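Worksheet: the structure to be examined is printed underneath.
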Amino acid sequence: MGRHSCCQKQKLKKGLWSPEEDEKLVRYITKYGHSCWSTVPEQAGLQRCGKSCRLRWINYLRPDLKRGNFTSHEEKLIIDLHAALGNR
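In this text, residue positions in the sequence shown follow the working numbering: the first is 29, and each later residue adds one.
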């Protein structure tokens, strides 16, 4: 366990993301996209590794990321599918 090797190569920032870092990442990806995550941090002006940027985008910052509770329709669908398929 420990840090990823990509984060140990340079003096990269670790830990919590600041709102300013989030804004830089969102601004860069909105403008240029995310074709190569290893180049995103340097070009966006971040002291993070590419993997950290990718995970932050995927898990927290994507505009299409749905937050909140399941709707009653979604909950029913999950229960029905679980009844049909079980724990696979």
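Every residue, glycine too, gets a C-beta built ideally from N, C-alpha and C. Note that the coordinates shown come from a computational prediction; the quantities given were computed from them, not determined experimentally.
Cα-Cα separation between S46 and H62, rounded to whole angstroms: Taking the sequence shown and counting its residues from 1, the one referred to as residue 46 is at position 18. Taking the sequence shown and counting its residues from 1, the one referred to as residue 62 is at position 34. So the two alpha carbons sit approximately 20 Å from each other.
Can you check the stretch 69 to 105 for any alpha helix (DSSP H) of at least 4 residues that lies completely inside it and give the ranges in chain order? 78 to 84
Rounded to whole angstroms, what is the Cα-Cα separation between S66 and L93? Numbered from 1 along the sequence shown, position 38 holds the residue referred to as residue 66. Numbered from 1 along the sequence shown, position 65 holds the residue referred to as residue 93. Approximately 22 Å, taken between the alpha carbons.
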